[in-house]
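Residue numbers (the working numbering), protein chains in the order written: chain A, 1054 to 1202; chain B, 19 to 284; chain C, 2 to 667; chain D, 3 to 340.
Structure first, commentary second.
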Amino acid sequence: MNEFEPKIVAFVCNWCTYAGADLTGTSRIKYATNVKIVRFPCTGRIDFMLLLKAFSEGADGIIISGCHPNDCHYTSGNFHARRRWVMFRSLLDFMGIDVRRIQFSWVSAAEGAKWAEIVNSTVETVRELGPYSDYQKVADFLKTEVENG
Amino acid sequence: MDNVKKRAAELLKSEAVKVVIGYTMGTNGKPRAAFIQNAEDVDSLIFNAQCVQNLAVYLSKAEIKQLGKPAIVAPLNVLRAIIQLASEMQIQENELIVLGVSPDGELIDFQNFSAIEKYLEDFNMEVDAKEKETLEKISSMSLEERWKFWNEELAECFKCYACRAACPMCYCHKCAVEQNKPQWIPVAAHRLGNLEWHIMRAMHLAGRCVNCDACHEACPKGINLNFLTKLMLNDAQEEFGYTGVTLKEGNLLSTFKTNDQENFIQ
Amino acid sequence: MSRIGVFVCHCGENISATVDVEKVAQAAAGFDDVVHSVDYKYMCSDPGQTLIKQAIKEHNLTGVVVAACSPRMHEPTFRKACAEAGLNGYMCEMTNLREHCSWVHDRTEETTEKAIDLVRMLVEKVKNNKPLEPILVPITKTALVIGGGIAGIQTSLDIANCGHKVILVEKEPSIGGHMSQLSETFPTLDCSQCILTPRMVEVAQHPNIELITYAELDSLEGYIGNFKAKIRKKAKSVDHSVCTGCGDCWGKCPSKKIPSEFNAGLGSRTAIYVPFPQAVPNKPVIDKSNCNYYQKGKCKICEKFCKPGAIRFDQEDEIVEAEVGAVVVTTGFDVVKPEFFPEYGYGKYKDVITGLQFERLASASGPTLGEIRRPSDEKVPEKVVFIACAGSRDPAKGINYCSKICCMYTAKHAMLYQHKVHTGKSFVFYMDIRAAGKNYDEFVRRAIEEDKVNYIRGRVSTVYEKDGKLIVKGADTLMNGEPIEIEADMVVLASAGISNPGSEELAQKLHVSYDRYKFFAEAHPKLKPVETNTAGIFLAGACQAPKDIPETVGMASGAASKVAALFSQPELKREPLIAVVNRQMPPVFSSCVGCFLCETACPYNAIGREEIKDRNGNVIKTLARVNEGLCQGCGTCVAFCRTKSIDIQGFSNEQMYSEVMALLND
Amino acid sequence: MTIEKYLVKKASLSTLFDKIKASGKTIKAPVKKRHTTDFAAVGSLDETTDDYITTAQSAKSAVFPRVEKLFGYVKSKNGVELVDYDLSTIPETVLWGVRPCDAAGFDPLNAIFNWDINDVIFSTRLARTTIVGFACAKADSSCFCTSVGGNPGSTAGSDLLFTKLSNGDYLAEIITEKGKAIQALAPELFEAAPSEEKEQNLATVEQKFTREEIKAKAEQYFESDVWKEQAQRCISCGTCAFVCPTCACFDIQDEGHGKHGQRIRIWDSCGFSLFTQHTSGHNPRETQGRRWRQRVMHKFSYMPDRQSVYGCVGCGRCSRACPADMNLLEHLQQIVKL
């Protein structure tokens, strides 16, 4: 049997983390293949609902990353995002959703190596946690019989 | 309450308002909303501890707006909702008259919204000790237990949206759950649809909820969904020093501080 | 129904060596609505682009996904190619198979699988793309140049000579910057001031340049073509419109022991002062922190002696506002401070000096009038040790980079010393000699061969004083690391060039990025060296990284030409990737409920209010409305809007949702 | 068939329950949940409760679930393949503890779902459902079954009806063949009919009006302001419809997941403001007054006209559940007095 390979999706801002991940590539620093990057203009743009969608679509882990505080290309998108994350994270945790599966980070355009580290450490964390079947089961209503009210 | 009635009658007689929104005795011994349009009818107004429905919800209703300028009987919860609605540009000071009522039913005169805001400063809008205990009880469960707890709780939800309809802050004409391009939240009341709906509801009320519990009172299945918004309120206070409703524009999540805590961010 | 074309690039072997590109193209061909899928060696090449253009026509494509390198690199290329084939450029998306896949993974099946997933996600996204048209915005044809060193001077002159207005802001009382402090310049040894001062004067006299010295940027708002700058003019305490620059005041000023910034601390100045004789403007300011009157409330001697009556003790800082269309940042650099070198004794021993201080010693306008006399006892040093890479290329000190100019100026310093002190002996400790540049290596060879400067390859471990001599301990790595000890009379440190203090704060005011050393970041290291990530803000000179004069001047002219190009059009075409509030037919008008929380969340004040009125002029509804000129497209409002009434073009809810929903691998 | 009457001893009830369970049928019965008493699948009689006037929700979800698959689909490059709903997965179910008002609700539901086209999924569910009713010994002020053609001991709609007698034993009335089949699982438990009158063990629900009166008045006062006035405090939620035993409005949604998906049917309510909103933005039932009128008219005028059955069984759930005290009985009484 194959070892469990976590599916990780990364929501990143265009200006810092996406560019940082570009630099990881330019620097030829290797990291795990498990992560797929979705490019947003800014962390401020990242709708919390998309995180839920990612889990329901089978993601086992999520990376959210953008510019360091004060470095936002749009001045304050990351500050808005950060407040939202504080609340969202707490709510998810309260509802029994495993927030260890969501890695928040700041990765600048110059931090190619950090990006690789974030990916690798997230993959390892999620690998240890195993597949997020709890959430996927909730989302699996279409494959099984819909429960009767 | 007599002063409230007197004031209501005066307002109606002088046509300063067209309708007084207040509480009256309903069926089965439960109070309910009344829309009094004639001064003779003010005697049916009541106020007691059972008056838990948040009447501010009617301020956003087109059918009630059509009746003309309202006065509203406003205990603490309604006052808070009025201020929050005002900060979100949903009501204007000159569009209504607020008949504040103290917990024992006495009339409190408010010259303007600022006076209400000032009055509210004396009432800390926080999750009370017993509710905090419940929050802590849930928080102290294991991750699996919490997951199970909320899954069971939300399994009861059949998405009648009474919680939304009863909430004075859920005034949107088209709720996000009804947006279908894209369909963010499954319409169906299955596990995913319910989970996502309640997460979104709590997030949308973060920093806006006036902690009136109208949602819980309205829920025909008695779901403790108000504890999600209470958690948000509690967090807002603990994390960001949120103190309650104000007339200031912007809210908890549309503003920020550069030194907001971020110990979870790598 | 969408008709999507997928174009998988090999990027030579950059992608294809790791990703099975053929398999990716085949897999993509199987996706819903993909009608055409091919791979090719170089998609960005002319034949590659032609391939896309032909496919658009032949297959009637409604959307294109180019699976190649970073969209930050080639998105404009492919969007343009699509537009040329008649497909709206915004119907083209790129997925990054190179930087985010082939370059960071090994050649495994997983890597190819990932590439397929990445393509699938973008195929789903592009199906929800909408054709967009550029936004036209007016341009204020005035440039703001921040920093009046050689970079700022050159930029200002070039822009002004193109016929555009320039506002040049300098924080010091005079323009000139570091170049005005230099003695001679490498590799020609022509006098720095001789070549610089005419340009400084030209700036002052140019009809298109408004020079504002002793001033700093307070804030910058707006966007390309339409910035609003607030400039803080620090109180000079002297009315320059009245002052004649006669010099009576600084001649009489009793505070005479203030270390002169211009002389790098080797000379002194008065509290009311002009930084140096050739200063532009050549009129004094009062340094409040060192003025007796401001500090102790008594003095006013300058006022007494000022014949025109130009002294204004009650002058306050003034904020002036300016509307500008472009900004060029030319704030230069700084050198590391004494505490950086405890092992070299800088700050502890008077005769351990920085390269910049040596420039002042060697300069005819300097404190020794060009004679090399050491600071401690003004004796001519017989033995001088120059230490290159003092701080630079030293990860232990946190400066990994090469300061680039030190090799050359150290050679120059040693040479100047040998020219002025014929009996003297000079030693240069170096790590490597980096003399890449026209006539540069020849210059260093001259120092070694003609002027007999002793070059020792090795680092200095310590400098200490013993019997009036500076003992320099090092090793000669070309002699098997043999220890070397030199009894020197003076030590000159080629201190690392660092970013200016306050550059981080300035970057934040300008909303531009900066690197880990707090040098401003260019938009692209190779192809956009003078642009920043913020449209309309450009860089020139050592604020971006340490560089020499010719490079700085070249970069300054480059930035100036970018500004001139921007100003050459009547209007600017902007990318339409901005937020919009949905509109529907009456009686709904929009799902926006007008809570205006987006208004407070917007970093650009781009959200305004729109009143919907009935025929009688009564307001039915008040909606949010996005100002197309102000919106920068961050999308913070989008994530914030509860009713999903506001959306961002190019990264819309439907696009992002579809991209995420394509994650599932079934 | 004619109704057969038996005595089932108090102690036998649990045995009967176990026998039904042993027969492989799913049993759904009222249980005390965290916050409400509602139907749920149970394993033994001990898990159930008989302490309820009505359950919070009606029993209708047994035949009309709140979320229900109609068919599945698989998308491919060549098109869409439909996958029929597998009817064999619908279990044989016994609904235990159904009140006579609820039992009466299945008829109007059936009339709607099988009005013109036979709804196979609904019909299959209904055919595989046996209704074991329990007559009402208690009623509250929201109850008005007697005003809409029912009564606390009505056998209509039940397959088997138990009425608790004064000594705790039960009168069992076998009404249909399905009821007979339940008896057949444990015939020994069904003893000779008791002599005690059924009626004396039933709750009293005063009749306030007749359905026909409401129909006539509602139609006559269609344009009256009464609807608007009654609906003033309505907050436009869907609670009344969702607890109602006969409300059958539904929404159809496609839920996709990658290449797979299914078409589902879910509850909807005419009380929602978006229920009738057109894509253009126009809404023919723009105000809550109109939506409220629709609700009453549908149950008391349109259904009897079209399906020859009234759409209200007088269970009173909507009145009990309404967060704004929109009391149906009160409102109907107002209408009848017009």
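Beta carbons: idealized from backbone N, C-alpha and C, even for Gly.
Computed from a predicted structure; not experimentally measured.
Around P132(C), the same chain offers N89, Y91 and M92 as residues with beta carbons nearer than 8 angstroms, after the five sequence neighbours per side are excluded. Chain-ordered listing is empty here: chain A has no CB closer than 7 angstroms to the CB of T152(B), the nearest sitting near 11 angstroms. In the DSSP assignment, no residue is bridged to W1168(A).
The alpha-carbon of Q68(B) is positioned some 14 angstroms away from that of A92(B). I119(D) sits exposed, since fewer than 16 C-beta atoms from the chains shown fall within 10 Å of its C-beta. Taken in chain order, the complete alpha helix (DSSP H) segments of 4 or more residues contained in the stretch 193 to 229 of chain D are 213 to 222. The stretch 588 to 603 of chain C and the stretch 620 to 633 of chain C touch, with three or more beta-carbon pairs separated by less than 8 angstroms. E257(B) has a beta carbon lying at 9 angstroms or more from every beta carbon in chain D. Nearest to Y224(C) by alpha-carbon distance, out of K253(C), E324(C), K257(C) and V127(C), is E324(C).
Two segments are said to touch when three or more pairs of C-beta atoms, one from each, lie closer than 8 angstroms; by this definition the stretch 143 to 163 of chain D touches the stretch 206 to 219 of chain D.
Linking E76(C) to P186(B) through their CA atoms gives a straight-line distance of about 46 angstroms. Nearest to A194(B) by alpha-carbon distance, out of L276(D), L330(D), A64(D) and A31(D), is L276(D).
The C-beta of Q358(C) has 16 or more other C-beta atoms within 10 Å across all chains shown, which makes the residue buried. The continuous beta strand (DSSP E) containing R233(C) extends over residues N227 to K234. Along the stretch 226 to 254 of chain D, none of the residues has a CB nearer than 8 angstroms to a CB of chain C. Within the same chain, and ignoring the five residues on either side of L123(C) in sequence, the residues whose Cβ sits closer than 8 angstroms to its Cβ are V66, A68, E94, M95, T96 and E660. Y137(B): member of the alpha helix (DSSP H) spanning F131 to L138, first to last residue.
A straight line joining the alpha-carbon of A180(B) with that of E1177(A) spans about 43 angstroms. Secondary structure at T241(D): helix, using DSSP grouped into helix, strand and coil.
Sequence-distant partners of E466(C) (beyond 5 residues in either direction) whose C-beta falls short of 6 angstroms from its own C-beta, in its chain, are Y350. When the beta-carbon positions are compared, F539(C) and V330(C) come within less than 9 angstroms of each other.
Between the alpha carbons of G99(D) and F167(B) lies a gap of roughly 27 angstroms. Under DSSP, I210(C) takes part in a beta bridge, and its partners are V167(C). By the neighbour-count criterion, in which 16 or more other beta carbons inside 10 Å mark a residue as buried, S160(B) falls on the exposed side. Annotation: N97(C) is outside any alpha helix (DSSP H); the continuous beta strand (DSSP E) that includes it extends over C93 to N97.
Interface with chain C (9 angstroms Cβ-Cβ cutoff): S282(D) is included. C239(D) is the residue among G263(D), C239(D), C272(D) and G152(D) whose C-alpha sits nearest the C-alpha of K79(B). DSSP places Y1084(A) in the coil class of the three-state scheme, outside both helix and strand. Secondary structure note for W294(D): its alpha helix (DSSP H) is the uninterrupted segment Q290 to M299. For E222(C), none of the residues of chain A pass the 7 angstroms Cβ criterion, the least Cβ distance being about 10 angstroms. Cα atoms of N1131(A) and V36(C): separation of roughly 39 angstroms, rounded to the nearest angstrom.
Less than 9 angstroms separates the beta-carbon of C246(D) from that of K62(D). Within 10 angstroms of the beta-carbon of M299(D) lie 16 or more other beta-carbons, which makes it buried. In the three-state reduction of the DSSP assignment, S1118(A) falls in the strand class. Closest option to K1060(A), judged by alpha-carbon separation, among A1085(A), W1068(A) and S1080(A): A1085(A). In this structure, G268(C) lies near R361(C), with their beta-carbon atoms less than 9 angstroms apart.
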